[in-house]
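Chemist:
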């Protein structure tokens, strides 16, 4: 991958990149991953691999994505405050008709919907605890439902740009267009979620009793629909419509998301009587310097010629379109497990930029399937997982690693294969 | 004094306890009611949320809240169970409440060793038994029940006798 003529500067660039990745994964003393990303960008400037103008360029390249993200994070925080997710979870419970398998499928459907329309972060951070509270109140085994939430957040995040930050970065940078890319990803997304649900119904067959307790406890009942709730849901609907129309027109999405977020923030403050500081706490601020810093770092190592080698290696082995899709998807999934999915997406972007024009969209789709579905496997044995298990142990949560192996090792390869097959089929038929 | 460990899962609690007490004629026995907060869902959440960039703080906060919620739900279940048992058992030995965290099947067996249980009581499968599996052979002659992995583990590893109660009417 590294050419023989590699000079000292390029080697130092590689060292910086690996150091940034290591610090971002290990997070010594709870260090936020934004710091190593920003420090890495500065180090590359000092090494001469980046010009100060590149830092500005990275900011300009990511500004639209980050503003969009800010708007969507404000939006989802207000929806959470208004009780929209709790309402949706209780609806999913009632709609299950007291059948546990149906409830599992409803959790999949709800998770897929929240992931597609808001983002995988919202599904994991907000919806999963609500689903946990719901099933604990029902006094049924929470394990299958919780796994459903955390897995569908990954497997269901292929479809829209807002579903996953990786999609947003790829669609934005390669100028693939909101609708063309979403249309391309609908089938793989549906196939991935359906495969995931089918695997879980089988995997957890002995943990799903046939019926829920009758009658359902009060906790699973309705949620009071305050004016704040109605307005939040209404504005969310308007923002979604606005996003789809803006996407259709090919305009930038961030003004719609930001305006919607701001409108809901006002509604939360005036009608919902919520503290604006609580709203600001719902936004994950370090993500902005992290994405900007990582973009700059990847630019730096691209300047050093390190990513060109990766590009040649991956694209050189990709003769037939179907084969290229499978290869790219697998490489992306493996990389997303070793590193993190954001840095891996940025790395793959430099590879995709070198791909032939005609095949680029298919390969981008394969990359996204890999970096989005792949991380669900990290529950097996990646560094980040080991650290999390250690953290959990300190919190008094002891978990044998083999327990995870049983779920993710069976599920992730099957779901990834199904999604890549759907993409490859389209690439071959065209 | 004999010690009985009753593992509560929450599903059909009153019926389960009623059936358990109906079959036990050891009036002097000490009853240990056990609830286990399953940590696997919490850890799975922690892994998924902790892997998201710049979300570690919120993930840890949510994980603690979920742990507290699971513990609280278990405590309520134990209180409810104790009241049900106390009402049913006018005289007899002591009733103790135990709560543990971990993988339920491991914790049930560990608790059995710890209290020196002579009997473990646990509920298994929902009613009614499902249809007989299709096809020829002896398996197809009888209705079919699925035991949860928790029950299977306890049956395999228990240090004492196990009383397995199938929910629903017997027949």
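Protein chains in written order, with our numbering: chain A, 3 to 432; chain B, 31 to 201.
Yeah, the Cβ is synthetic: ideal placement off N, Cα and C, and Gly gets one too.
(1) Show which residues of chain A have a CB atom less than 7 Å away from the CB atom of residue 92 of chain B.
(2) What residues in its chain sit with their C-beta under 7 Å from that of residue 180 of chain B, if we drop five residues either side in the sequence?
(3) Give the residues of chain A in contact with residue 183 of chain B, contact being defined as C-beta atoms less than 7 Å apart.
(4) Just to make sure I have the definition right: I need the residues of chain E whose C-beta is within less than 8 Å of the C-beta of residue 123 of chain A. Which are they?
(5) What residue range does the alpha helix (DSSP H) around residue 185 of chain A cover?
(6) What is the DSSP secondary structure of residue 142 of chain A, counted as helix, strand or coil?
(7) Give me the Cα-Cα distance between residue 159 of chain A and residue 274 of chain A, rounded to the nearest whole angstrom.
(8) Check residue 364 of chain A in the structure and name its three-state DSSP category.
(9) Taking the alpha carbon of residue 179 of chain A as the reference point, which residue from A:74, A:59 and A:245 has its own alpha carbon closest?
(10) When you compare each of A:50, A:148, A:59 and A:231 to residue 134 of chain A by their alpha carbons, which one comes out closest?
(11) Contact criterion: CB-CB distance below 8 Å. Does residue 119 of chain A meet it with respect to chain B?
(12) Please confirm whether residue 416 of chain A has its beta-carbon closer than 8 Å to some beta-carbon of chain B.
(13) How many angstroms separate the CA atom of residue 33 of chain B from the CA atom of residue 109 of chain A?
(14) To the nearest whole angstrom, what separates the beta carbons of residue 112 of chain B and residue 94 of chain B, a pair I think is in contact under 8 Å?
(15) Return the residue from the list B:49, B:47, B:195 and B:75 that minimises the CA-CA distance to residue 153 of chain A.
(16) Does any C-beta atom of chain A lie closer than 8 Å to the C-beta of residue 95 of chain B?
(17) Show which residues of chain B have a CB atom less than 7 Å away from the CB atom of residue 35 of chain A.
(18) Measure the Cβ-Cβ separation of residue 141 of chain A and residue 40 of chain B and say whether it is below 8 Å.
(19) Quick one: does residue 130 of chain B have its CB under 8 Å from some CB of chain A?
(20) Taking C-alpha atoms, which residue in B:173, B:196 and B:65 lies nearest to residue 137 of chain B?
(21) Thinking C-alpha only, which one of A:40, A:324 and A:268 is nearest residue 361 of chain A?
(22) Use the C-beta contact count for residue 247 of chain A: other C-beta atoms within 10 angstroms, 16 or more gives buried, fewer gives exposed.
(23) Have a look at residue 64 of chain A and residue 297 of chain A and give me their C-alpha separation to the nearest angstrom.
(24) Give the C-beta separation of residue 17 of chain A and residue 46 of chain A to the nearest angstrom, bearing in mind that I take them to be a contact with Cβ-Cβ under 8 Å.
(25) With a threshold of 6 Å on Cβ separation, who are the neighbours of residue 259 of chain A within its own chain once the five nearest residues in sequence on each side are excluded?
(26) Once you ignore the five residues that flank residue 183 of chain A on each side, which residues in its own chain have a CB closer than 6 Å to its CB?
(27) By the criterion of Cβ-Cβ separation under 7 Å, what are the contact partners of residue 152 of chain A in chain B?
(28) If you count every other CB in all the chains shown that lies within 10 Å of the CB of residue 164 of chain A, and 16 or more means buried, which is it?
(29) Taking the alpha-carbon positions, what's the residue 369 of chain A to residue 88 of chain B distance?
(30) Pairs of beta-carbons, one from the stretch 86-100 of chain A and one from the stretch 53-61 of chain B, closer than 8 Å: are there three or more?
(31) Against chain A, with Cβ distances strictly below 8 Å, would residue 49 of chain B count as a contact?
(32) If you compare alpha carbons, which of A:347, A:138 and A:314 is closest to residue 358 of chain A?
(33) May I have the straight-line CA-CA distance separating residue 267 of chain A from residue 240 of chain A, to the nearest angstrom?
(34) Since residue 292 of chain A meets chain B, which of its residues come closer than 7 Å, beta carbon to beta carbon?
(35) Would you report the Cα separation of residue 414 of chain A and residue 364 of chain A, rounded to the nearest angstrom?
(36) Output the distance between the C-alpha atoms of residue 90 of chain B and residue 166 of chain B, rounded to the nearest integer angstrom.
Modeler: Working from what's here:
(1) 127 and 131
(2) Here the set comprises 134 and 135.
(3) Per Cβ cutoff of 7 Å: no residues; residue 183 of chain B is ~12 Å from chain A at best.
(4) Note that chain E does not occur in the displayed structure, where the protein chains are A and B.
(5) 180-205
(6) Residue state, collapsed to three classes: coil.
(7) 30 Å
(8) helix
(9) A:245
(10) A:148
(11) no
(12) No, its Cβ sits nowhere closer than 8 Å to a Cβ of chain B.
(13) 41 Å
(14) Contact flag wrong, Cβ pair sits at about 27 Å.
(15) B:75
(16) yes
(17) Simply 83 and 84.
(18) Cβ distance < 8 Å, so residue 141 of chain A and residue 40 of chain B count as in contact.
(19) no
(20) Among B:173, B:196 and B:65, the Cα nearest to that of residue 137 of chain B is on B:65.
(21) A:324
(22) exposed
(23) 8 Å
(24) Approximately 11 Å separates the beta-carbon atoms of residue 17 of chain A and residue 46 of chain A; this is outside 8 Å, ruling out the contact.
(25) For residue 259 of chain A, the CB contacts under 6 Å within the same chain, skipping 5 residues up- and downstream, are 70, 73 and 74 in chain order.
(26) The answer, listed in chain order, is 173.
(27) 74, 75 and 78
(28) buried
(29) 28 Å
(30) no
(31) Taking Cβ atoms only, chain A never reaches closer than 8 Å to residue 49 of chain B, which makes this a no.
(32) With distances taken between CA atoms, residue 358 of chain A lies nearest to A:314 out of A:347, A:138 and A:314.
(33) 15 Å
(34) 83 and 84
(35) 21 Å
(36) Rounded to the nearest angstrom, the two C-alpha atoms are 53 Å apart.
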